[in-house]
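S.K.: My structure is below; once you've seen it, I'll send some questions.
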DNA sequence: ATAAACCCGACTAAAATAGTCAAGTATCAT
DNA sequence: ATGATACTTGACTATTTTAGTCGGGTTTAT
């Protein structure tokens, strides 16, 4: 399983975007400055978010990004999926062909990792971008 | 967050050990053969498990390892902790000093990762080695 | 026209992972 | 006693992943 700064940045950037969303597109430059994330890196991340239709881009001056869905419809699962952050406990891919077919004593823990994955995915499927924005604005009152 | 093959091996090896536990010590060589894990790597892993008092070693011929606690008392948390598998979403350590103190817009997602960690740790704290052994023996009937 | 912004692919330094290797020490069986 | 078995320890290394950087585009508002 992995969960690295790329997905953390993606979530941070989208929360930032969601808060300023509505009027004008938000430029990566602004997000970069506010969140302290490298602009170049943000571009990579948003390229993926756009391909998964989580954001829309507006090119040219005054351009930027806007959310392509309501914040409440964007679940964390979608974000992680977009940036290739596999919520995956390293499994027995190679072994599965020969030995991890239920009969062998290998992969005793096979089911465990499945269970864990489901457990985590549940968490991410329930949590939406809107939840995070709310939590944050509440806290700053 | 990390969850790599080291912890997978640790769990696999301990389930294996638990199943053969009781009579004689189980040698790493046997576990290595049964589970297809490099003997050298297992030695590294068991060295850590021993230091955390999860297993006891018996040296010399006919030696090996035995569980140091009842299987039901060994929770997955303990195992992960022993092999240094931090269940930790990479956090804002460095930033926290200057900016992640509640006032800044950075670390908007700070709480999220805490929540996630707790969620996962719950899972691991409930699951014991015995659970895994049972699940496995049931499945093979 | 020009500057602001997105777009895209290649490159790379550093860290983590998944081991290997070598040289021990302890204990049992004979 | 002595050899074989098995644990003990620490150093080493190849591979992969991560977290970016860099250079060159294209689009569009003003």
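Residue numbers (our numbering), protein chains in the order written: chain C, 6 to 146; chain S, 6 to 146. The C-beta atom is built at its ideal place from N, Cα and C for all residues, glycine as well.
#1: Within 10 Å of its beta-carbon, does residue 101 of chain C have 16 or more other beta-carbons around it, so buried, or fewer, so exposed?
#2: When DSSP builds the beta bridges, which residues end up paired with residue 62 of chain C?
#3: Mind listing the chain C neighbours of residue 2 of chain S? Cutoff is C-beta to C-beta under 7 Å, in chain order.
#4: Closest to residue 66 of chain C by C-alpha separation, out of C:34, C:72, C:75, would be which residue?
#5: Cβ closer than 7 Å: which chain S residues qualify as neighbours of residue 51 of chain C?
#6: Using CA coordinates, which residue listed in S:82, S:28, S:131, S:39 is at the minimum distance from residue 54 of chain S?
#7: Under a CB-based cut-off of 8 Å, is residue 134 of chain C close to chain S?
#8: Quick check: the region 70 to 85 of chain S against the region 37 to 45 of chain S, are there 3 or more CB pairs under 8 Å?
#9: Say whether chain C places a C-beta atom closer than 8 Å to the C-beta of residue 16 of chain S.
#10: Could you check what DSSP says for residue 104 of chain S in three-state terms: helix, strand or coil?
#11: Let me know if residue 63 of chain C comes out buried or exposed under the rule of 16 or more other beta-carbons within 10 Å of its beta-carbon.
#12: Residue 34 of chain S CB to nearest chain C CB: under 8 Å?
M.R.: Short version:
#1: Counting from 1 along the first chain, the entry for residue 101 of chain C is found at position 96. Caution applies to residue 101 of chain C, whose pLDDT of 44 falls short of 50 and renders its modelled position unreliable; the value that the coordinates give is listed next. Classification for residue 101 of chain C: exposed.
#2: For the purposes of this step, residue 62 of chain C is taken as the residue at position 57 of the first chain. BP columns for residue 62 of chain C point to C:70.
#3: Given a span of 6 to 146 for chain S in the structure shown, any question on residue 2 of chain S remains unanswerable.
#4: As a working note, residue 66 of chain C is residue 61 in the first chain. Closest by alpha carbon: C:34.
#5: Numbered from 1 along the first chain, position 46 holds the residue referred to as residue 51 of chain C. Near residue 51 of chain C there are no residues of chain S at all, since even the closest Cβ is about 17 Å away, more than 7 Å.
#6: Taking the first residue of the second chain as position 1, residue 54 of chain S is located at position 49. Nearest C-alpha to residue 54 of chain S: S:82.
#7: To locate residue 134 of chain C, count along the first chain from 1; it is residue 129. It does not; no Cβ of chain S falls within 8 Å.
#8: no
#9: Here residue 16 of chain S corresponds to residue number 11 of the second chain, with the count starting at 1. It does: the Cβ of residue 16 of chain S has a partner Cβ on chain C nearer than 8 Å.
#10: Your numbering for residue 104 of chain S matches position 99 in the second chain. Any reading at residue 104 of chain S must be qualified, since the residue scores a pLDDT of 48, below 50, and its modelled position is unreliable; no value is offered.
#11: Position 58 of the first chain, counted from the first residue, corresponds to residue 63 of chain C. With fewer than 16 Cβ atoms within 10 Å of its Cβ, residue 63 of chain C is classed as exposed.
#12: Mapped onto the second chain, residue 34 of chain S falls at position 29. No, because no Cβ of chain C sits closer than 8 Å to the Cβ of residue 34 of chain S.
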